[in-house]
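*Asks:* Going by this note's numbering, the first residue of the sequence shown is number 1, and it counts up by one from there. Have a look at this one.
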Amino acid sequence: MLILLGGCQLGETPAPERPAPEPEPVVMEGPALDEGVPDTDPARVREAADVLARGEAALAAGDAEGALDRASDIAARFPRVPGTTVALWLEARAQAALGDWEPAEAAAESYLARGAPDAAEEAEVRLLLARVRIDGSLAGGIESLFEIPADAPAAILHEAEALALSTAVGLSLPVLRDLVDEAPRHPRVLPAFQVELATRTALLGDETSARTLAEAALELEPGERVGERARAVLRGELEAVEAELVSMAALLSEGGPPSLRSLAAEIRAGVEVALSEAEATGRPVRFTVLDDQASNARVETLVRQLEGEGAVGLVGPLDDAMVRAAAQARSRPFPIISPTARLLPDGAENVFSLTGVDPGSAETLARLALDAGIREVVVFHPRRSEMQEEAQNFRRAFEAGGGVIRRVLQYAPGTTDFAEPFREVVRLQPRGLVLLLPPEEIELVAPQVAFFGVDDLEITIFGNDAWSSETVLERVPIRHTNGVLTVTSRDGPGSYGPGWRAFVEAYESHFRRTLRSPVPALGYDAANLFLAAVQSGDGTPEGTARALDSIRGYPGATGRLSVVDGRIRRTWTPVRLENREPVPYRP
1 MLILLGGCQL
11 GETPAPERPA
21 PEPEPVVMEG
31 PALDEGVPDT
41 DPARVREAAD
51 VLARGEAALA
61 AGDAEGALDR
71 ASDIAARFPR
81 VPGTTVALWL
91 EARAQAALGD
101 WEPAEAAAES
111 YLARGAPDAA
121 EEAEVRLLLA
131 RVRIDGSLAG
141 GIESLFEIPA
151 DAPAAILHEA
161 EALALSTAVG
171 LSLPVLRDLV
181 DEAPRHPRVL
191 PAFQVELATR
201 TALLGDETSA
211 RTLAEAALEL
221 EPGERVGERA
231 RAVLRGELEA
241 VEAELVSMAA
251 LLSEGGPPSL
261 RSLAAEIRAG
271 VEVALSEAEA
281 TGRPVRFTVL
291 DDQASNARVE
301 TLVRQLEGEG
311 AVGLVGPLDD
321 AMVRAAAQAR
331 SRPFPIISPT
341 ARLLPDGAEN
351 VFSLTGVDPG
361 SAETLARLAL
371 DAGIREVVVF
381 HPRRSEMQEE
391 AQNFRRAFEA
401 GGGVIRRVLQ
411 YAPGTTDFAE
421 PFREVVRLQP
431 RGLVLLLPPE
441 EIELVAPQVA
451 FFGVDDLEIT
461 IFGNDAWSSE
471 TVLERVPIRH
481 TNGVLTVTSR
491 DGPGSYGPGW
501 RAFVEAYESH
511 FRRTLRSPVP
521 ALGYDAANLF
531 LAAVQSGDGT
541 PEGTARALDS
551 IRGYPGATGR
561 LSVVDGRIRR
571 TWTPVRLENR
581 EPVPYRP
């Protein structure tokens with residue numbers, strides 16, 4: 001009888017198990033990271049190949065940090081396995097995706113020197129080097145474009161040409177002329193620069209030189225886009241080009257000290273995202289990025305140059321002194337928007353900042369105090385120009401609503417002991433204490449409010465918008481921020497403004513890397529304010545300025561923006577700080 005139990009047949013002799021097949025040998029070719037005795041153990045070669053494959057898969061899935069971890073794993077564990085120099089190529093692409101330009105450049109250079117890639121791969125590496133150097137404002141970016149082999153695969157040449165075109169648009173006219181005169185005759189790269197120069201030359205009225213440049217470009221081997229632009233110059237069909245040539249510029253300190261270089265790179269990235277969106281939606285514009293080298297004298301020279309070239313507006317410069325130099329160098333008040341200047345020059349027309357003192361912040365804070373039933377306060381702030389301006393804005397709004405300021409207590413920059421002013425607050429016992437502080441000083445001042453007994457009294461603490469910043473909420477202990485009444489321009493948790501999420505998506509799509517800082521959003525908003533003004537302006541600096549003045553409630557990445565009385569203002573919301581979060585305040 002045949003008995004079945006659990007799917008097994010008892011009474012039959014089971015077939016002998018077959019031995020597991022031997023794994024296919026894995027072959028890794030090429031130099032090892034370490035030039036010592038080669039590690040050819042089959043198991044270790046297979047494991048190294050698996051780690052590399054997982055790194056490539058992570059990079060393809062957008063996990064650049066995971067890919068970088070795999071590249072590091074190869075360097076640490078398998079340095080003598082043949083072919084592991086390819087980990088340098090994985091590292092270069094991962095670092096580039098993360099926006100870490102210098103490590104990406106170093107890894108790509110090392111791979112070229114040690115990895116012995118084939119011709120197609122070498123072209124891909126050189127294209128990455130060019131992109132990294134250009135996007136990262138490193139030396140040699142344009143030179144790297146010309147080092148891409150002329151017989152590279154068609155897809156590489158297409159990308160190189162596109163990168164050359166976008167780079168050419170950002171060059172000043174003198175630099176572009178020198179480049180076209182001196183650069184190698186690369187059949188796909190040089191024509192992009194020649195056509196850009198031909199277009200600008202034609203628009204300046206020199207049709208003969210423009211035709212010569214366009215013909216020279218066509219004698220090489222340009223791609224379809226560049227070739228069509230060259231033929232348009234020869235036909236004199238510049239209407240479409242003129243439509244896009246509302247000219248604007250950015251002055252960024254790409255050759256300044258390291259802190260300004262880093263800031264300039266982030267601002268430039270935001271501007272680039274705004275421009276890429278403008279092109280995608282049919283609103284192309286010529287935007288020239290110039291390096292002011294953190295020099296006031298160079299700022300003045302460049303501003304005069306931009307005026308001569310017909311620019312209708314300027315993003316930058318990045319600090320107060322250079323903004324003042326730019327404003328003074330203008331022969332007429334064409335608009336300037338600095339993404340980062342704190343103080344604007346007195347009386348300068350059409351000069352704006354996205355991070356300057358916003359009167360609306362102090363006005364909203366004053367209304368908050370009045371709505372909370374507080375009619376008398378003491379104001380405390382450092383003796384700094386921007387804080388004094390903020391205090392004046394608060395005073396005007398508070399007193400206009402019937403409030404009384406009992407005392408204004410100021411302290412000198414660098415002060416660390418606030419015993420005397422806070423004991424004076426305790427003596428006066430006002431209903432409210434208004435702390436107008438820069439974000440970097442809140443961590444120092446806030447604990448002393450409690451230490452000197454102000455917390456023991458029934459005094460409502462009010463803080464300026466710096467109190468609701470992410471930096472303060474992350475760094476200052478909760479016990480020193482909970483209950484503070486302040487204002488915020490943020491559009492909800494995790495969002496700086498109504499356009500924030502769209503900006504993050506556009507940034508990460510454009511650069512194929514994660515956005516790590518909100519700073520690029522300032523460049524994005526500055527460029528977009530100009531782009532919005534250009535749509536309704538008349539193509540002149542004065543028309544652009546008038547259009548800027550009419551902007552109300554623009555849904556920016558850094559807030560809802562309006563231009564009122566010569567200032568960029570955000571929409572502010574009263575909040576109460578609770579557990580590191582700004583919570584809408586209701587009296």
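Where a beta carbon is used, it is the ideal one built from N, C-alpha and C, also for glycine.
Can you round the beta-carbon distance between Ala557 and Tyr496 to whole angstroms, since I take them to be within the 8 Å contact cut?
*Replies:* Ala557 to Tyr496, Cβ: 6 Å. Contact.
*Asks:* With the cut-off set at 8 Å, would you say Thr460 and Gly499 are in Cβ contact?
*Replies:* Not closer than 8 Å, so no.
*Asks:* Name the one or two DSSP bridge partners that Ala249 has.
*Replies:* Answer by DSSP bridge pairing, in chain order: Thr288 and Leu314.
*Asks:* How is the beta strand (DSSP E) around Tyr111 delimited, first residue to last?
*Replies:* Taken as a continuous stretch (DSSP letters only), Tyr111 belongs to no beta strand (DSSP E), being part of the alpha helix (DSSP H) at Trp101 to Arg114.
*Asks:* Which whole runs of the alpha helix (DSSP H) in the stretch 152-217 are 4 residues long or more, in chain order?
*Replies:* Counting whole runs of 4 or more residues, the stretch 152-217 contains the alpha helix (DSSP H) stretches 154-169, 173-182 and 190-203.
*Asks:* Could you check what DSSP says for Phe380 in three-state terms: helix, strand or coil?
*Replies:* Phe380 falls in the strand class under three-state DSSP.
*Asks:* Between which residues of its own chain and Ile405 is the CB-CB distance below 8 Å, once the five residues before and five after are set aside?
*Replies:* Contacts found: Glu376, Val377, Val378, Val379, Arg395, Phe398 and Glu399.
*Asks:* Determine the burial state of Gln429: buried for a count of at least 16 other Cβ atoms within 10 Å of its Cβ, exposed for fewer.
*Replies:* With fewer than 16 other Cβ atoms within 10 Å, it is exposed.
*Asks:* Along the chain, which unbroken stretches of the beta strand (DSSP E) at least 3 residues long are found entirely within the stretch 541-569?
*Replies:* Entirely contained in the stretch 541-569, the beta strand (DSSP E) runs reaching 3 residues are, in chain order, 554-556 and 559-564.
*Asks:* In whole angstroms, what is the alpha-carbon distance linking Asp465 and Leu368?
*Replies:* If you take the alpha carbons of Asp465 and Leu368, they lie about 12 Å apart.
*Asks:* Can you name, in chain order, every residue of its own chain whose Cβ lies under 6 Å from the Cβ of Ser247, other than the five neighbours on each side?
*Replies:* Within the same chain, Ser247 has close Cβ partners Arg286, Gly310 and Ala311.
*Asks:* Less than 6 Å between C-beta atoms, sequence neighbours within five positions excluded: which residues of the same chain meet that for Leu473?
*Replies:* Cβ within range, chain order: Arg580.
*Asks:* How long is the line joining the alpha carbons of Pro184 and Thr301, rounded to whole angstroms?
*Replies:* Using only the alpha carbons, I get a separation of about 30 Å.
*Asks:* Please confirm if the stretch 104-114 is in contact with the stretch 73-83, defined as three or more CB-CB distances below 8 Å between the two stretches.
*Replies:* Not touching, per the Cβ criterion.
*Asks:* When the Cβ atoms of the stretch 477-489 are set against those of the stretch 510-523, are three or more pairs found closer than 8 Å?
*Replies:* Because the criterion of three Cβ pairs below 8 Å is not met, the stretch 477-489 and the stretch 510-523 do not touch.
*Asks:* Taking the runs of the alpha helix (DSSP H) that are 4 residues or longer, which of them lie wholly in the stretch 464-533?
*Replies:* With a minimum length of 4 residues, the continuous alpha helix (DSSP H) runs that stay inside the stretch 464-533 are 470-475, 478-481 and 500-511.
*Asks:* What first and last residue would you give for the beta strand (DSSP E) that runs through Gly236?
*Replies:* Looking at the DSSP string, Gly236 is not in any beta strand (DSSP E), and its letter there is neither H nor E.
*Asks:* Got a sec: is the Cβ-Cβ distance from Val51 to anything in chain D below 8 Å?
*Replies:* Among the chains of the structure shown, chain D does not appear; only one protein chain is present.
*Asks:* Roughly how many angstroms lie between the CA atoms of Pro421 and Arg93, to the nearest whole one?
*Replies:* So the two alpha carbons sit approximately 55 Å from each other.
*Asks:* Using alpha carbons as the reference points, say which of Arg44, Ala150 and Ala130 lies closest to Glu143.
*Replies:* Cα-wise, what sits closest to Glu143 is Ala130.
*Asks:* Have a look at Leu647 and Pro257 and give me their C-alpha separation to the nearest angstrom.
*Replies:* Outside the shown range of the chain (1 to 587) lies residue 647, about which nothing can therefore be said.
*Asks:* What do you get for Val132, buried or exposed, if any count of 16 or more other CB atoms within 10 angstroms of its CB means buried?
*Replies:* So Val132 ends up on the buried side.
*Asks:* According to the neighbour-count rule (16 or more other Cβ atoms, all chains shown, within 10 Å of its Cβ), is Thr488 buried or exposed?
*Replies:* Burial call: buried.
*Asks:* Could you tell me whether the stretch 227-239 touches the stretch 170-186, where touching means 3 or more Cβ pairs closer than 8 Å?
*Replies:* Contact fails: fewer than three Cβ-Cβ distances are below 8 Å.
*Asks:* Would you mind working out which of Thr471, Pro222 and Arg229 sits nearest Glu196, comparing C-alpha positions?
*Replies:* Per the Cα distances, Arg229.
*Asks:* Output the distance between the C-alpha atoms of Pro574 and Val454, rounded to the nearest integer angstrom.
*Replies:* Cα-Cα distance, rounded: 23 Å.
*Asks:* Measure the beta-carbon distance from Ala532 to Ile551 and round it to whole angstroms, keeping in mind my assumption that it falls under 8 Å.
*Replies:* Yes, Ala532 and Ile551 are in contact; Cβ-Cβ is about 6 Å, under 8 Å.
*Asks:* Does Ala325 pass the burial test, meaning 16 or more other C-beta atoms within 10 Å, or should it be called exposed?
*Replies:* Buried is the call here.
*Asks:* Tell me whether Pro421 sits in a helix, a strand or coil according to DSSP, three-state version.
*Replies:* Helix, per DSSP.
*Asks:* Between Ala250 and Gly316, is the Cβ-Cβ spacing less than 8 Å?
*Replies:* In contact: Ala250 and Gly316 (Cβ atoms closer than 8 Å).
*Asks:* Mind checking Ala278: buried by the 16 CB within 10 Å criterion, or exposed?
*Replies:* Ala278 should be labelled buried.
*Asks:* Just to check, is the beta-carbon of Phe511 closer than 7 Å to a non-hydrogen atom of the ligand ATP?
*Replies:* Looking for the ligand ATP in the displayed structure turns up nothing, as the structure carries no ligands at all.
*Asks:* Alpha carbon to alpha carbon, how far is Glu424 from Ala366?
*Replies:* For Glu424 and Ala366, the distance between alpha carbons rounds to 22 Å.
*Asks:* Please classify Gly356 as buried or exposed, where buried requires at least 16 neighbouring CB atoms within 10 angstroms.
*Replies:* Answer is buried; the Cβ neighbour count reaches 16.
*Asks:* Drop a sphere of 10 angstroms on the beta-carbon of Gln328, count the other beta-carbons inside from all chains shown, and report buried for 16 or more, exposed for fewer.
*Replies:* Exposed, since its Cβ has fewer than 16 Cβ neighbours within 10 Å.
*Asks:* Can you have a look at Val125 and say buried or exposed, based on whether 16 or more other CB atoms are within 10 angstroms of its CB?
*Replies:* By the neighbour-count rule (16 or more Cβ atoms within 10 Å), Val125 is buried.
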